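Engineer: Sending over a structure as structure tokens; questions will come in a sec.
In the numbering used here, the protein residues as written are -11 to 122.
Following this line, the structure appears as structure tokens:
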């Protein structure tokens, strides 16, 4: 197990979940997250890598594009703005077009509230101005 400020050894994480996490979020983002892991957060990293990234994101019932759309909506509904920024990038990596992302944000204005969509659009302006991920 990791100690304070030394990161987590990727071999301590579910390998399938880690692979999907890297594909969706980008290897650099995941490496930074793991480098910031300490004794307080190591078990949380293990949990999300196994359950979110392996058990959920690999299920056959939805394509990654759809999972991204659902995730964006949930993050907006709950006001999780830092996670929204990360998942806007992931949505593009998963094949959602900028136009589709805008449509999702418009939909959230009605079902999640205009103030939430307003915050989401501000974040999306920044993220969608970036070059698409490769």
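Where a beta carbon is used, it is the ideal one built from N, C-alpha and C, also for glycine.
The structure presented is a predicted model; accordingly, all values stated were derived computationally and were not measured.
Leaving out five residues on either side along the sequence, give the residues of the same chain with a beta carbon under 7 Å from the beta carbon of residue 120.
Structural biologist: 80
Engineer: What number of angstroms, rounded off, separates the C-alpha of residue 58 from the C-alpha of residue 26?
Structural biologist: 30 Å
Engineer: Give me the residue from 97, 56, 105 and 68 with the minimum Cα distance to residue 83.
Structural biologist: Comparing Cα-Cα distances from residue 83 to each of 97, 56, 105 and 68, the minimum goes to 56.
Engineer: Just to confirm my understanding: we take residue 63, look at its own chain, exclude 5 residues before and 5 after, and list those with CB closer than 7 Å. What are they?
Structural biologist: 71, 72 and 75
Engineer: What is the DSSP secondary structure of residue 45, counted as helix, strand or coil?
Structural biologist: In the structure shown, residue 45 sits in coil (DSSP, three-state: anything other than H, G, I, E or B).
Engineer: Look at the Cβ atom of residue 40, then the Cβ atom of residue 0, and state whether they are nearer than 9 Å.
Structural biologist: no
Engineer: Quick one: grab the DSSP three-state call for residue 5.
Structural biologist: helix
Engineer: Is residue 28 close to chain C? Criterion is C-beta to C-beta, closer than 9 Å.
Structural biologist: Absent here is chain C; the protein component of the structure consists of one chain.
Engineer: Hey, how far is the Cα of residue 46 from the Cα of residue 6?
Structural biologist: 11 Å
Engineer: Given this structure, state the Cα-to-Cα distance separating residue 112 from residue -3, to the nearest angstrom.
Structural biologist: 33 Å
Engineer: Could you check the C-alpha separation between residue 37 and residue 44 for me, to the nearest Å?
Structural biologist: 10 Å
Engineer: Whole angstroms are fine: how far does the CA of residue 104 sit from the CA of residue 78?
Structural biologist: 20 Å
Engineer: CA-CA distance, residue 118 and residue 93?
Structural biologist: Approximately 18 Å between the Cα atoms of the pair.
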